[in-house]
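Participant: Protein sequence lines correspond, in order, to chains A and B.
Heads up: the first sequence begins at 702 in my numbering, then just goes up one per residue.
Heads up: the second sequence begins at 702 in my numbering, then just goes up one per residue.
We treat Cβ as the ideally placed atom computed from N, Cα and C, and that holds for glycine.
Handing you this structure, nothing more for now.
Protein chains: 2
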Amino acid sequence: MTKAGRAPRSPDVDRLRSTLRSYMEENGLRSTEQRRVIIETFLRARRHITIDDLLALVKEEDPRIGYATVYRTLKMLTAASVANERRFSDGYTRYELADEDEAHHDHLICLDCGRIMEFEEPQIEKLQNRIAARLGFQVQYHKHELYCVCTNAECPHRKDRESE
Amino acid sequence: MTKAGRAPRSPDVDRLRSTLRSYMEENGLRSTEQRRVIIETFLRARRHITIDDLLALVKEEDPRIGYATVYRTLKMLTAASVANERRFSDGYTRYELADEDEAHHDHLICLDCGRIMEFEEPQIEKLQNRIAARLGFQVQYHKHELYCVCTNAECPHRKDRESE
DNA sequence: CTAAGTGCAAAAAGTTTGCATTCCG
DNA sequence: CGGAATGCAAACTTTTTGCACTTAG
């Protein structure tokens, strides 16, 4: 439950910044005004943001920044292991900070309102590793998504459900 | 384990045919030569086939059948709950027969050779339902995919792994 | 007959890239 | 300065659709 809903400001941000700094240095990448704005906005943004949504936020700060720069910056963050790409079933690629337990959390997607929540369940991790081992495999990464409807009648997000 | 690898010819095919027949009747849909070829080919094909691959098989039988017809026929099968669409991380939409336990199996994808295997683990089902309930949700459907590498050195499919 | 289905080619929708220009280091 | 980064627009990739023609019922 602790991770449900909006993730708290991650304490990892500092670590991520320094990871990124190293990555950029090692690869001779430059720190530009656009990248700074995009990265700061991304660090502040909600998790699982799409390029379009991030671009909109970025444009509030500097309207001249274009889609391609946001796109390329997110790719850079991904390459630096500071961000992770996620593809849910809505056709968009979404990005999230690659914080510490990134490898261990999964997602619950609300079919009513599109909210995306996170959960962790070590027991499921164990079971899936066991299954893979039994079949002769080792899990490199996984995807576990629960597409749900809200059971709380008072949920303010609940909507468009008269059709049942 | 019993479901690993190629699924056995499902005994559900008869049931699916009749489901489809009803669906088409109820909706005033017609049985055409193209649809018959596409459907028979699909029923015979391996699971998780892409439109392109199915089209190739279909063209062996009748080269004049086009992509759009295969596309629309698979959409029809999906609407009739005879097939299910699956999107893995390779950019293609894949289709599988919606057999009995379709709702309960998940997938293991081999990163070495792209093979897709199935597994079932009722305990994971239970755990995920419990998690959703705790957060105030009910699972409608889910996606659980394990992206793995093969641990069997003799695996004939194993390849392109010298780079580690 | 006529509404449904087909095949083609064009439109969408998202992602990726080429290139002239700008700018960091 | 020189190579890296940017912004635009064009190219791609895969899915979806419009339309004139064909055909099942």
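Could you give the C-beta distance for F838 of chain A and C811 of chain B, rounded to a whole number, given that I count them as a contact under 8 Å?
Facilitator: The residue labelled residue 838 of chain A in the question sits at position 137 within the first sequence. The residue labelled residue 811 of chain B in the question sits at position 110 within the second sequence. Their Cβ separation, rounded to whole angstroms, is 7 Å, which keeps F838 of chain A and C811 of chain B in contact under 8 Å.
Participant: Tell me E727 of chain B's beta-bridge partners as DSSP assigns them.
Facilitator: As a first step, residue 727 of chain B must be located in the second sequence, where it is residue number 26. According to DSSP, which records beta bridges pairwise, E727 of chain B is partnered with nothing at all.
Participant: Taking the alpha carbon of L744 of chain A as the reference point, which residue from A:L721, A:N853 and A:I825 has its own alpha carbon closest?
Facilitator: For the purposes of this step, residue 744 of chain A is identified with residue 43 of the first sequence, where counting begins at 1. Answer by Cα proximity: A:L721.
Participant: Just the Cα atoms here: how many angstroms apart are M725 of chain A and D753 of chain A?
Facilitator: To locate residue 725 of chain A, count along the first sequence from 1; it is residue 24. To locate residue 753 of chain A, count along the first sequence from 1; it is residue 52. Distance between the alpha carbons of M725 of chain A and D753 of chain A is about 24 Å.
Participant: Quick one: using the 10 Å Cβ neighbour count with 16 as the cut-off for buried, is D715 of chain A buried or exposed?
Facilitator: For the purposes of this step, residue 715 of chain A is identified with residue 14 of the first sequence, where counting begins at 1. The residue is exposed, with fewer than 16 neighbouring Cβ atoms inside 10 Å.
Participant: 7 Å is my cut-off, CB to CB: does I740 of chain B come that close to chain A?
Facilitator: In the second sequence, counting from the first residue as 1, residue 740 of chain B sits at position 39. No, no contact with chain A.
Participant: Closest to K700 of chain A by C-alpha separation, out of A:G792, A:E761, A:E797 and A:I766, would be which residue?
Facilitator: Here chain A has residues from 702 to 865 only, and residue 700 of chain A is not among them.
Participant: For R795 of chain B, list the residues DSSP reports as bridge partners.
Facilitator: One-based indexing of the second sequence puts residue 795 of chain B at position 94. B:T751 and B:R787.
Participant: Can you name the start and end residues of the beta strand (DSSP E) that E822 of chain A belongs to?
Facilitator: Working through the first sequence from its first residue, we reach residue 822 of chain A at position 121. From DSSP, E822 of chain A is part of no beta strand (DSSP E); its letter is neither H nor E.
Participant: What's the C-alpha gap between R718 of chain B and T774 of chain B?
Facilitator: Within the second sequence, residue 718 of chain B is the residue found at index 17, counting from 1. Within the second sequence, residue 774 of chain B is the residue found at index 73, counting from 1. Taking the straight line joining both Cα atoms gives about 14 Å.
Participant: Are the CB atoms of D807 of chain A and D713 of chain A within a distance shorter than 7 Å?
Facilitator: Reading the first sequence from its first residue, position 12 is the one you call residue 713 of chain A. Reading the first sequence from its first residue, position 106 is the one you call residue 807 of chain A. Contact: no.
Participant: Going along the chain, which residues of the stretch 781–809 of chain A sit with their C-beta nearer than 8 Å to a C-beta in chain B?
Facilitator: R788, S790 and L809
Participant: Exposed or buried, what is H845 of chain B when buried is set at 16 or more other beta-carbons lying within 10 Å of its beta-carbon?
Facilitator: On the second sequence, position 144 is the one that residue 845 of chain B refers to. Around the beta carbon of H845 of chain B, a 10 Å sphere encloses 16 or more other beta carbons of the protein chains shown; the residue is thus reported as buried.
Participant: Looking at the structure shown, is D715 of chain A part of a helix, part of a strand, or coil, going by DSSP?
Facilitator: Looking up residue 715 of chain A in the first sequence gives position 14. Residue state, collapsed to three classes: helix.
Participant: Taking only the alpha-carbon atoms, compute the straight-line gap between T779 of chain B and E786 of chain B and give it to the nearest angstrom.
Facilitator: On the second sequence, residue 779 of chain B is found 78 positions in, with the first residue counted as 1. On the second sequence, residue 786 of chain B is found 85 positions in, with the first residue counted as 1. Roughly 7 Å between the two C-alpha positions.
Participant: Under 7 Å, CB to CB, which of the residues in the stretch 829–858 of chain A have a partner in chain B?
Facilitator: Q829, I832, A833, R835, L836, G837, F838, Q839, V840, Q841, Y842, H843, K844, H845, E846, L847, Y848, C849, V850, C851, T852 and N853
Participant: Along the beta strand (DSSP E) that carries I739 of chain B, what are the first and last residues, could you check?
Facilitator: For this step, residue 739 of chain B is matched to residue 38 along the second sequence. Premise fails: I739 of chain B lies in the alpha helix (DSSP H), E734 to R745, not in any beta strand (DSSP E).
Participant: What are the boundary residues of the beta strand (DSSP E) that L809 of chain B is part of?
Facilitator: The residue labelled residue 809 of chain B in the question sits at position 108 within the second sequence. H806 to C811 is the extent of the beta strand (DSSP E) around L809 of chain B.
Participant: Rounded to whole angstroms, what is the Cα-Cα separation between Y768 of chain A and R795 of chain A?
Facilitator: What you label residue 768 of chain A is simply residue 67 of the first sequence in a count that begins at 1. What you label residue 795 of chain A is simply residue 94 of the first sequence in a count that begins at 1. Looking at the two C-alpha atoms, the distance is approximately 14 Å.
Participant: Under a Cβ-count criterion, where at least 16 other Cβ atoms within 10 Å of its own Cβ denotes burial, should E819 of chain B be classed as buried or exposed?
Facilitator: Looking up residue 819 of chain B in the second sequence gives position 118. Buried, since its Cβ has 16 or more Cβ neighbours within 10 Å.
Participant: List the residues of chain A whose Cβ lies closer than 8 Å to the Cβ of E822 of chain B, in chain order.
Facilitator: The residue labelled residue 822 of chain B in the question sits at position 121 within the second sequence. What E822 of chain B touches in chain A: L828, Q829 and I832.
Participant: Across which residues does DSSP place E762 of chain B in a beta bridge pair?
Facilitator: Locating residue 762 of chain B in the second sequence gives position 61, where the first residue counts as 1. DSSP output for E762 of chain B lists no bridge partner at all.
Participant: Shorter than 7 Å from the beta carbon of I825 of chain B to some beta carbon of chain A?
Facilitator: The residue you call residue 825 of chain B lines up with position 124 of the second sequence. Judged by the 7 Å Cβ criterion, I825 of chain B is in contact with chain A.
Participant: In three-state DSSP terms, what is G767 of chain A?
Facilitator: In the first sequence, the residue the question calls residue 767 of chain A occupies position 66. If DSSP states are grouped into helix, strand and coil, G767 of chain A belongs with coil.
Participant: Comparing the CB of R765 of chain B with every heavy atom of the ligand COA, is any distance shorter than 6 Å?
Facilitator: The model depicted lacks the ligand COA and carries no ligand whatsoever.
Participant: Straight-line CA distance for S732 of chain A to V850 of chain B?
Facilitator: Translated into positions along the first sequence, residue 732 of chain A becomes position 31. Translated into positions along the second sequence, residue 850 of chain B becomes position 149. Spanning the two alpha carbons is a distance of roughly 37 Å.
Participant: Output needed for V771 of chain A: all residues of its chain with C-beta closer than 8 Å, excluding positions within five of it in sequence on either side, in chain order.
Facilitator: Counting from 1 along the first sequence, the entry for residue 771 of chain A is found at position 70. The answer, listed in chain order, is I739, I752, L755, L756 and V759.
Participant: Whose Cβ in chain B lies nearer than 8 Å to the Cβ of L775 of chain A?
Facilitator: Sequence index remark: in the first sequence, residue 775 of chain A carries index 74 (1-based). Near L775 of chain A there are no residues of chain B at all, since even the closest Cβ is about 17 Å away, more than 8 Å.
Participant: Under the assumption that E822 of chain A contacts L828 of chain B (Cβ atoms under 8 Å), give the Cβ distance between them as a whole number of angstroms.
Facilitator: Indexing the first sequence from 1 puts residue 822 of chain A at position 121. Indexing the second sequence from 1 puts residue 828 of chain B at position 127. Going by Cβ atoms, the distance from E822 of chain A to L828 of chain B rounds to 6 Å, so yes, they are a contact pair.
Participant: Only counting the same chain, and skipping five residues up and downstream in sequence, which positions put a Cβ closer than 7 Å to that of R736 of chain B?
Facilitator: Counted from its first residue, the second sequence places residue 736 of chain B at position 35. Same-chain partners within the cutoff: T774.
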